[in-house]
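Protein chains in written order, with our numbering: chain C, 1 to 416; chain L, 1001 to 1416; chain G, 2001 to 2139; chain P, 3001 to 3139. Each residue gets a CB set at the ideal place from its N, CA and C atoms; glycine is no exception. Working notes, beginning with the structure itself.
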Ligand SMILES: Cc1ncc(COP(=O)(O)O)c(C=O)c1O
Ligand SMILES: Cc1ncc(COP(=O)(O)O)c(C=O)c1O
């Protein structure tokens, strides 16, 4: 028996209907139908999100805040309405805790700079994990270097899981902040952040969560998690590029000094003395990415319409299906075998180079990501040059997976 | 004779054709046709730019750089092609000198942080002018405070022009950088930046130019200007929100340390040692605003198609027309009467409050900006609560101006 | 005994129903703005200022005979007109009445946009302060 | 005397014209990749490494009898195949010929995408280094 296909496809016709909302999925690539399995890098956008952008520009485009005229009012109202949509999405206690950023990277840098300025001192420590994306490593390295602080790293095991038992020995009086991803982008591991947050809070240490890979797949409740900061990007969850979110607890946002200076973030400016605006505006210098914010709100509405639970079930079904097909291929080796996983399948085939596989899959219309996925330390840990990563979204379907399977087998044959 | 209308409308039917490219201008506001005269806050977008966004999402959306698959290749190629378009637009000597940012504010902050980190020390000075937008004041205040440096201010005169004669006494051995706007957003003054750059360079002091209000109206040549940094926003020049540009001379970008850390901006990451990527990528952490970059390139193409000289002539014609109509209104007082001006008309009517005028113009479909325009120091200088600002774009027409004129007169009557 | 808060609101709504177009409506608001008694400049202190970014509002309140009386001013005349309307509604009532009042009149006379949270005229903050003052004197 | 650079390019173009589909083409490239002599691991030093982010290329060159000879390797087999093609074109020619050669073959055999500046396989940097080496030995 070669494969053991899971035969339960939750409500397939509905999923075909959702898939139809993504026009790009109809296109060909190299004369083959496109099988887009690079969702962890960036998701595709439903027509409604694209339409929200067009509508904005055709009907109400104007700079937000401060303007008295109608278009400016309409834009501002829609913009602030979108903030409430985001608040609802992650269950923040107030919309003032929602800061719009360029993306996850920008959000983490904002915290690293603003938190770092007043809260990190020489000899202090910042704790991250060995599973982090470069965006949750480098900003901390930079601030640690600036401040003469030390970067500590919670290690991972062979399954690609955090070694939670080592956490107590890594958190101490010098630890100023813990910065951990909710879901690993290269391996798909879902980290036990609830536990980590609890342990850190027992010592009054704030925790930042990099949620870039979590929000597309899981339902996130920042109050239940009790995290101090939560960061994510729009472009990985059906929204436009260039927009992201920093959630920060009221008390932290009020306490921290601003990151960037400029319009919007001030109350009054004098050459001698400048006073800053209230949160969240204090952290939003400059004209914001208005269409991006509206697109993000529309993407959230779209996801909530489908239902986060249904999305998760669908994606895990696809993931499971893909896993069972590919695991049957001789030489298949999964990288990252954590118990709790998001729909991300990272693997290698014998000693074949991921790049070679990637090129040959692409020739057959299959888009996967190959390489280190901006997590070089993870690759060093496993002592591999990279992985082939197929990542799934609810709009993928069985055909995508069959195409991946067949293309992969053909590639292997050609390379062996 | 009440008015003295300039009768020369360069090639009017052509301009009507261009106007038709902006669907939003057909809409009503408060049951009146929209007269959008708030262009200095944000411009409207031509259909081609909107279409570029839609096309991107419907045909090639994927994360840029690093990806092996076709969509990622297409996106990356388009993205890097766009960089060359920007290079061409401002005549930079290499595309490596073009860094994509969130906007002008973000670009200035990038320089303030990265330049500030290594080049500004206690006791040093940073020179700005009294004409600056908050975005070119606050970042420098913040870095000066961090570093124990001093912010110096080149004053303005009653016409709203820089007091150039005072520049030599303000530049000295302690000056580390000069940051000046090309065009004032609240008054429209075009500053003699060529001279300022020359004077600063004579003492080896680098100059940053805030070009947010210049690029929509003037042809900019960074090599001819010889400025060290030049910053601008897409949204004020027909492009999407959330995208902007930092031009930096090769030698500076290479010398400075990165601003934000994360994906894209590194060559290799280890917990002990991280090496940064080449310019411009070193300064572009995180997934960029891809649709914004493509939209910006399209906006540039659109402007170049019309011709920057034609745009300027058209806008100055509209500005002149508006000026002559409004100047005939009793009580009209122009704020900012510099010799060299961009198509920005800031004014007051007797003692009427700008806010009242703004509300009543809006009721009549006329969108202008009222208030301090994020230049509070300019308002303090003139001792006024704000101004009414009508700012023009080539897609405005005579009707917009007649509507402004009539609406203003009606508002004045109602308020007097 | 004076009218209750909702009676005054209904009265204002009726008043505004007379106006056929926005011009008449705003003329009326401007008129009211002009009639609002000028506040003593000495009263225009920092702590009474509600900074609305575009127009500023000063608000003072005092309790007399168990009732709250407000005085207010603004540098913009339309804001003064709106301020005058709000004072007419709230002034002279008990803290209890004010704290529990639902302000539906602004919506009904079609001036909601002036109270949108993103308006930069300080009016919404003014209403909040009016209510906060009343709540502080609840018995 | 050996063939000139363009003769070799034309030869390769002809070779690739035989292939009907991408499969055959890549099979050929992989074949060439496999045939490329393995480089002495000791030669794989930092300074010979061209880091392409996804696949890495090592390049060595020496001058002999007024001609440049290249050896190279990569960790990815398709990149090795491409490397092998480039060596076949350039190796054994004078610095002058190499420096002035126009590389049109990649385009013509439909593999341009492998040389796009945004490809992360290090091939473009490799060609640059091959030419730089040649230029350094121009007489
Ligand atoms: C002169 C000037 N500088 C800077 C800015 C800030 O631009 P942005 O809000 O796009 O960052 C503006 C825009 O208002 C401006 O007019
Ligand atoms: C776990 C994780 N963190 C951070 C990032 C960075 O997100 P962005 O590039 O949108 O800033 C990513 C995206 O690749 C990610 O997967």
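Any heavy atom of ligand 1 closer than 8 angstroms to the Cβ of residue i?
{"i": "residue 191/C", "result": "no"}
{"i": "residue 1044/L", "result": "no"}
{"i": "residue 1378/L", "result": "no"}
{"i": "residue 1236/L", "result": "yes"}
{"i": "residue 1213/L", "result": "yes"}
{"i": "residue 1102/L", "result": "yes"}
{"i": "residue 1106/L", "result": "yes"}
{"i": "residue 126/C", "result": "no"}
{"i": "residue 338/C", "result": "no"}
Exposed or buried, residue i, counting other C-beta atoms within 10 Å across all chains shown (16 or more means buried)?
{"i": "residue 3132/P", "result": "exposed"}
{"i": "residue 345/C", "result": "buried"}
{"i": "residue 3037/P", "result": "exposed"}
{"i": "residue 113/C", "result": "buried"}
{"i": "residue 236/C", "result": "buried"}
{"i": "residue 2138/G", "result": "exposed"}
{"i": "residue 371/C", "result": "buried"}
{"i": "residue 4/C", "result": "Confidence in residue 4/C is poor, its pLDDT being 36 and thus under 50, which makes the residue's placement unreliable; the coordinate value appears in the next sentence. Label assigned to residue 4/C: exposed."}
{"i": "residue 1002/L", "result": "Here residue 1002/L scores only 37 on pLDDT, less than 50, and its place in the model should not be relied on; the value that follows carries that caveat. That one is exposed."}
{"i": "residue 1007/L", "result": "The predicted model places residue 1007/L with a pLDDT of 42, which falls under 50 and marks its position as unreliable; any figure quoted below should be read in that light. Residue 1007/L is exposed by the Cβ-count criterion."}
{"i": "residue 189/C", "result": "buried"}
Return no unless some Cβ of chain L is closer than 9 angstroms to the Cβ of residue i.
{"i": "residue 163/C", "result": "no"}
{"i": "residue 291/C", "result": "yes"}
{"i": "residue 3116/P", "result": "yes"}
{"i": "residue 2023/G", "result": "yes"}
{"i": "residue 3056/P", "result": "no"}
{"i": "residue 2077/G", "result": "yes"}
{"i": "residue 38/C", "result": "yes"}
{"i": "residue 3113/P", "result": "yes"}
To which residues does DSSP link residue i through a beta bridge?
{"i": "residue 2069/G", "result": "2062/G"}
{"i": "residue 2105/G", "result": "DSSP, once it has assigned bridges, lists no residue as partnering residue 2105/G."}
{"i": "residue 1334/L", "result": "1347/L"}
{"i": "residue 1231/L", "result": "1210/L, 1246/L"}
{"i": "residue 1100/L", "result": "1245/L"}
{"i": "residue 274/C", "result": "269/C"}
{"i": "residue 3049/P", "result": "3058/P"}
{"i": "residue 389/C", "result": "346/C, 369/C"}
{"i": "residue 3038/P", "result": "Partner(s): none; residue 3038/P has no beta bridge."}
Would residue i and residue j be called neighbours here (beta carbons separated by less than 9 angstroms)?
{"i": "residue 292/C", "j": "residue 243/C", "result": "yes"}
{"i": "residue 1352/L", "j": "residue 1407/L", "result": "no"}
{"i": "residue 273/C", "j": "residue 186/C", "result": "no"}
{"i": "residue 258/C", "j": "residue 1142/L", "result": "yes"}
{"i": "residue 197/C", "j": "residue 221/C", "result": "no"}
{"i": "residue 2083/G", "j": "residue 2073/G", "result": "yes"}
Would a check of beta-carbon distances place residue i closer than 9 angstroms to chain G?
{"i": "residue 59/C", "result": "no"}
{"i": "residue 1387/L", "result": "no"}
{"i": "residue 1005/L", "result": "A caution first: residue 1005/L carries a pLDDT of 41, below 50, which makes its placement in the model unreliable, though a value can still be read off. It does not; no Cβ of chain G falls within 9 angstroms."}
{"i": "residue 1105/L", "result": "no"}
{"i": "residue 117/C", "result": "no"}
Using a Cβ-Cβ distance cut-off of 9 angstroms, determine whether residue i contacts chain C.
{"i": "residue 3070/P", "result": "no"}
{"i": "residue 3009/P", "result": "no"}
{"i": "residue 1086/L", "result": "no"}
{"i": "residue 1008/L", "result": "Model confidence at residue 1008/L stands at a pLDDT of 48, short of 50, so the residue's coordinates are unreliable; what they give is reported in the following sentence. Output row for residue 1008/L: interface = no."}
Cβ-heavy atom distance between residue i and ligand 2 below 8 angstroms?
{"i": "residue 417/C", "result": "Given that chain C is displayed from residue 1 to residue 416, the structure contains no residue 417/C and the question cannot be resolved."}
{"i": "residue 3061/P", "result": "no"}
Should residue i be flagged as near chain P, meaning a C-beta pair shorter than 9 angstroms?
{"i": "residue 1267/L", "result": "yes"}
{"i": "residue 1376/L", "result": "no"}
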